[in-house]
Amino acid sequence: MLKTVVFLVNLYFVFGTPFWPSLKATTCQSGCHDLVDGKVNVHFVPHSHDDVGWLKTYDQYYNGTGQFDSIDHAGVKYILDSTIQELNKNKDRRFIQVETAFFFKWWNDQDQETRDLVKTLVNEGRLEMINGGWSMNDEAAAHYHSIIDQFTWGFRILEETVGECGRPKIGWQIDPFGHSREHASIIKQLGFDGLVVGRLDYRDKAKRIEEKNLDFIWNTNDNFEEEDAKIFTTMFPDFYVYETGFCFDVYCHDQNITDDNLEERVKTYKVILDKYKEYYKTHNILIPMGHDFSYQKADKNFNNLDKLIEGFKDDDTYNVIYSTPSCYIQAVKDEVEKNKIELTVKTDDFFPYASDVHSFWTGYFSSRPTSKRFERVGNNILQSAKQLTTFSRIKGNDDDVSINKLRMAMGVLQHHDAITGTEKQAVTDDYTFMLDEAIKEIEKPVSSIVSGLLVKDDSASVDLNLVNCLRANMSICDNSKKDRFVVAIQNPLSKSVSHYVRLPVDNENYKITGPEDDGDITFDIFDTIHPFDFVTDGEPATKELVFLAKDLPPLGVKLYYVEKIDDASDKYHKFEDIADVKSFGDDKKNGFTIDDDGKLALVTINGQGKKLQQDFLYYKGMASGQASGAYIFRPDGSAIPINEKLTTVKYAQGSLVDEVYQVFDDEITQIIKVYKGEEDSYIEFDWLVGNLQVDSEGKEIITRFTITEAFENNEIFYTDGNGRQQMRRRRNKRSDYNYVYSEEPVSSNYYPVTNRIMIRDETKKFELAVLTDRPQGGSSLKEGVVELMVHRRDTKDDGFGVSEVLNEQQYGKGLYARGQHYLTFGELETETSPVTFERDLARRNLLAPVVLVGDATGDDLTLEKVQATFNFKFEALSKSLDDNVHILTLEPWKDSYLLRLEHIFEKNEDATLSKDAVVDLTDLFTQFKITALTPVKLGAIGNLETSSVSILKRVAQGFKLSKVAADLQVTLKPMEIKTFVFTTDKENEGGHDTGIIDNGDDPDTSSAQGLSAITLLTLLVSVFYRMF
10 MLKTVVFLVN LYFVFGTPFW PSLKATTCQS GCHDLVDGKV NVHFVPHSHD DVGWLKTYDQ
70 YYNGTGQFDS IDHAGVKYIL DSTIQELNKN KDRRFIQVET AFFFKWWNDQ DQETRDLVKT
130 LVNEGRLEMI NGGWSMNDEA AAHYHSIIDQ FTWGFRILEE TVGECGRPKI GWQIDPFGHS
190 REHASIIKQL GFDGLVVGRL DYRDKAKRIE EKNLDFIWNT NDNFEEEDAK IFTTMFPDFY
250 VYETGFCFDV YCHDQNITDD NLEERVKTYK VILDKYKEYY KTHNILIPMG HDFSYQKADK
310 NFNNLDKLIE GFKDDDTYNV IYSTPSCYIQ AVKDEVEKNK IELTVKTDDF FPYASDVHSF
370 WTGYFSSRPT SKRFERVGNN ILQSAKQLTT FSRIKGNDDD VSINKLRMAM GVLQHHDAIT
430 GTEKQAVTDD YTFMLDEAIK EIEKPVSSIV SGLLVKDDSA SVDLNLVNCL RANMSICDNS
490 KKDRFVVAIQ NPLSKSVSHY VRLPVDNENY KITGPEDDGD ITFDIFDTIH PFDFVTDGEP
550 ATKELVFLAK DLPPLGVKLY YVEKIDDASD KYHKFEDIAD VKSFGDDKKN GFTIDDDGKL
610 ALVTINGQGK KLQQDFLYYK GMASGQASGA YIFRPDGSAI PINEKLTTVK YAQGSLVDEV
670 YQVFDDEITQ IIKVYKGEED SYIEFDWLVG NLQVDSEGKE IITRFTITEA FENNEIFYTD
730 GNGRQQMRRR RNKRSDYNYV YSEEPVSSNY YPVTNRIMIR DETKKFELAV LTDRPQGGSS
790 LKEGVVELMV HRRDTKDDGF GVSEVLNEQQ YGKGLYARGQ HYLTFGELET ETSPVTFERD
850 LARRNLLAPV VLVGDATGDD LTLEKVQATF NFKFEALSKS LDDNVHILTL EPWKDSYLLR
910 LEHIFEKNED ATLSKDAVVD LTDLFTQFKI TALTPVKLGA IGNLETSSVS ILKRVAQGFK
970 LSKVAADLQV TLKPMEIKTF VFTTDKENEG GHDTGIIDNG DDPDTSSAQG LSAITLLTLL
1030 VSVFYRMF
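Its first residue numbered 10, the sequence shown is counted upward by one per residue in the numbering used here.
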């Protein structure tokens, strides 16, 4: 026996990770009250819906500060203070906590006694952590990368605060404005047992009520096996708020329930239940007991609910109980299985959402375009910083990048009133400030890390002083206007890419020195798209320097040195008036032709030409009745062309790119670009839209692409789902209910476009796609036509709660938005299938190389000293991964590292790339070797076997999973994401992120504490030896 114990202890040190997570097993109780057969079980779910910003900022909502109408009282810290104490008074009571951003802020203010109480409530199932993300994210505009990140961060915080029993089991998406199939697939992959949704088209809801289909099965992904794709889904019989007459919080004025009125109150509530019980196929009803920011006066809520439940104690029909979504879903599942009840299966999504005949919530797909773009930039920078931090720690550095603030800011930005643009302007400003500050906070550490990765001598202390040029879209970057500057470019992709770098400059000639394998570096200089003379807090440059950074190594870095030259140059290509030049690029490869008016007439991609027209148009907002606003898009008629004829058309042709400059009117300018590389099978449309002049009706700007030759997409078009699955759309049709499209023929056909929209002619086997750089609303309203909404400026509030007109301004003018669209097309079922290129381009847009610029005018950063001090290339991987796989996540994770691998293709998209992919992690990373690889669920908590097993099983599983390090080949099926926690052979050389907070002595809350248990076991064995 003794030898066995010693053997097990030695195994720990051999494999380097705790195979026995804890000596103390936490028993997680369900907290579910007894059900009664033969009665309808009514599940009261006390909750508070706490927006992480909307009418007030995140901090104002937490502290209860700020003033706005009926919710000026909202203070989440008071909700949690009072609710925790009231739960402790009565073991029958239940409550669910959703938004981890608020919970963590509150937790950090609590003493140990309160924390211990919370853990007890969680362990006993009386307080249930639901959803668990940093926020309740949007499902239309949010990208799957950021969705996964915000869940993962929320889960980690819960793990480190309340422990294993705080792991969420149910998705709770009760307020987002429509629901996405891909998001439901993520929920399933997180390991959740079910999902509660809130908003769907009012006709769909009515039909589901009539047919008793509020409980249903959602098949979330055609690429997966059924058991991996289907998730139980449910919704409330009405909305997520208290029933009328039964609201008991500080802002409510309903009568309290007393002995005197109990009989009448129960009788009134029974009328409600008599209606609701007809909505469901089982003997269970899900009833929300809460509202926005409710339970600030938790005693009033719970005392009244106690009394109401007591009033039903002897009822012949209803068993009314405190409950949670977990308990409700388990009850339904048990009854469905026992009585062989058949639930309907849904296979698409819940877009677009309409709350009445004229209110289609499709405006928010495009609202606040600059905020939507900034969020994407934030994700790009966050992924790069996480990768760089990993390699820095591996090299033995203890100065880990402070990325937690950026993680949190990005988590907040996913909230369904943040990335959607449906918040008040002051809250938008706060979100922007929050993200901007988080990005600035990591600049210095990132510069230090990049310098450290490139430096030849680790003892050198020279820093390249690198910063992000966040305002380069307005031609502002102080460092790139210096006489000398360095450019470090990190490639977040797991494949080598070449990237066109564009930097604001004022000079006409430069010398660029880069890595040896780049050879002579060709560059062009062009005029900027706009003088940006309205900017008052910066000095915009007048020109743009363009050069090609070739073959950026996967996850690696390249360094370039740029110096001004006074000599005359042929590299500056000033925009000239169009004369006889009509064709640009290469008509045998990639190019385009303009007509006599300077508008697009023909596009060539991979040698195939297509007659195409591109225009800007606008919709007027409806002047009466339901108005367009932050949420709603309701145009008054068809789109109106901006201008039949351009006011200005100019062109410039360089070595790397040809550009045509177009001015549509005072509000819209565009440059059409075609790059000349072999892999650049697209046309770029660089647009600037702003200072929209509005009358009483508002203005909503679209760009429209029209194939002007025979093309039949038969009313079908496709959009991506959160940047991942492809969703089939049909104009004027709905799959689940009857729809009369004449009500709102335009807005009812708008869908969320996270990164691309496509149309296909199935007869000709031809597809055209337009890719975006941010989420937008889009549609195909006619055959051969694609349109995307790029900007909105309204004059009326739409009446759905924000109580403020969507009228963004900056520098005393209407807000300017700048962005890019990428047009590509081709024949399907060929070696150059456009789908393959679309997937690759979408990934390259989302995770573009991060360009950092440093002032090199100091004496210690001359070209000679930089060449002597730094390598000009850092390679993180030994090779590029295949085109169908991607390292989605690489970051430090507690005392180890987190890795996600994904297959980026769906079934049947490509003859080769849609097959299973194999990633060999052996010797993949240049800086370390993986010594232990543990597969975990998508959210990085709970291993893949199960998360609630006995200690002995956990020992066996831990030992088995550690042995996986002997075989580091990972197979991925189409659309599959696999998540791992790993350790390396450099484990003791770097700094360690051992936790976010101090959790006292609970060994279940972190792997570091699990290690302490193993250490203790080793000491005990040593004592045991000495005794004998």
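Note that the Cβ used here is the ideal one computed from N, Cα and C, for glycine as well.
Rounded distance between the beta-carbons of residue j and residue i, thought under 8 Å
i           : j           : result
residue 713 : residue 794 : 6 Å
residue 295 : residue 337 : 5 Å
residue 502 : residue 827 : Not a contact, Cβ separation roughly 24 Å.
residue 731 : residue 189 : 6 Å
residue 658 : residue 616 : About 26 Å; that fails the 8 Å criterion.
residue 929 : residue 978 : 5 Å
residue 593 : residue 786 : That pair is no contact at about 30 Å.
residue 187 : residue 208 : 6 Å
residue 143 : residue 162 : 5 Å
residue 609 : residue 626 : With 8 Å as the limit, residue 609 and residue 626 do not qualify as a contact, their Cβ atoms being about 14 Å apart.
residue 196 : residue 172 : That pair is no contact at about 22 Å.
residue 105 : residue 54  : 6 Å
7 Å Cβ cutoff met for residue i and residue j
i           : j           : result
residue 488 : residue 862 : yes
residue 884 : residue 935 : yes
residue 553 : residue 511 : yes
residue 472 : residue 457 : yes
residue 858 : residue 318 : no
residue 951 : residue 200 : yes
residue 844 : residue 918 : yes
residue 670 : residue 587 : no
residue 96  : residue 130 : yes
residue 240 : residue 227 : yes
residue 942 : residue 881 : no
residue 301 : residue 58  : yes
residue 67  : residue 421 : yes
residue 575 : residue 551 : no
Residue range of the alpha helix (DSSP H) that includes residue i
i           : result
residue 311 : 307-320
residue 346 : 334-348
residue 396 : 378-403
residue 436 : 434-463
residue 851 : 843-855
residue 160 : 153-170
For residue i, the residue or residues it bridges with in DSSP
i            : result
residue 423  : Looking at the DSSP assignment, residue 423 forms no beta bridge with any residue, so it has no partner.
residue 868  : Bridge partners of residue 868: none, in fact.
residue 585  : 660
residue 1039 : Examination of residue 1039 is not possible in this model, given that the chain is present from 10 through 1037 alone.
residue 820  : DSSP lists no partner for residue 820.
residue 881  : Residue 881 is not bridged to any residue.
residue 704  : BP columns for residue 704 are empty, so no partner.
residue 729  : 735
residue 227  : 240 and 355
Residue range of the unbroken beta strand (DSSP E) whose run includes residue i
i           : result
residue 785 : 785-788
residue 598 : Where residue 598 is concerned, there is no enclosing beta strand (DSSP E), given that its DSSP letter is neither H nor E.
residue 611 : 609-614
residue 300 : 293-301
residue 180 : 179-182
residue 127 : From DSSP, residue 127 is part of no beta strand (DSSP E) but of the alpha helix (DSSP H) over 121-132.
residue 711 : 708-716
residue 802 : 794-802
- Which full runs of the beta strand (DSSP E) of 3+ residues lie inside the region 621-702, going along the chain? 657-662, 666-674, 677-684 and 692-698
- Task: Could I get the ranges of all uninterrupted beta strand (DSSP E) runs contained in the region 893-945, with 3 residues as the minimum, in chain order?
- Result: 894-902, 905-912, 926-929 and 939-945
- Task: Quick one: which unbroken beta strand (DSSP E) runs of 3-plus residues sit fully inside the region 32-111? Chain order, please.
- Result: 49-58 and 104-106
- Query: Which residue spans inside the region 746-781 form an unbroken alpha helix (DSSP H) run of at least 4?
  - Reply: none
- Message: So within the region 189-224, which uninterrupted beta strand (DSSP E) runs reach at least 3 residues, ignoring any that extend past its ends?
- Response: 203-206
- Message: I'd like the ranges of any alpha helix (DSSP H) spanning at least 4 consecutive residues and lying wholly in the region 478-564.
- Response: none
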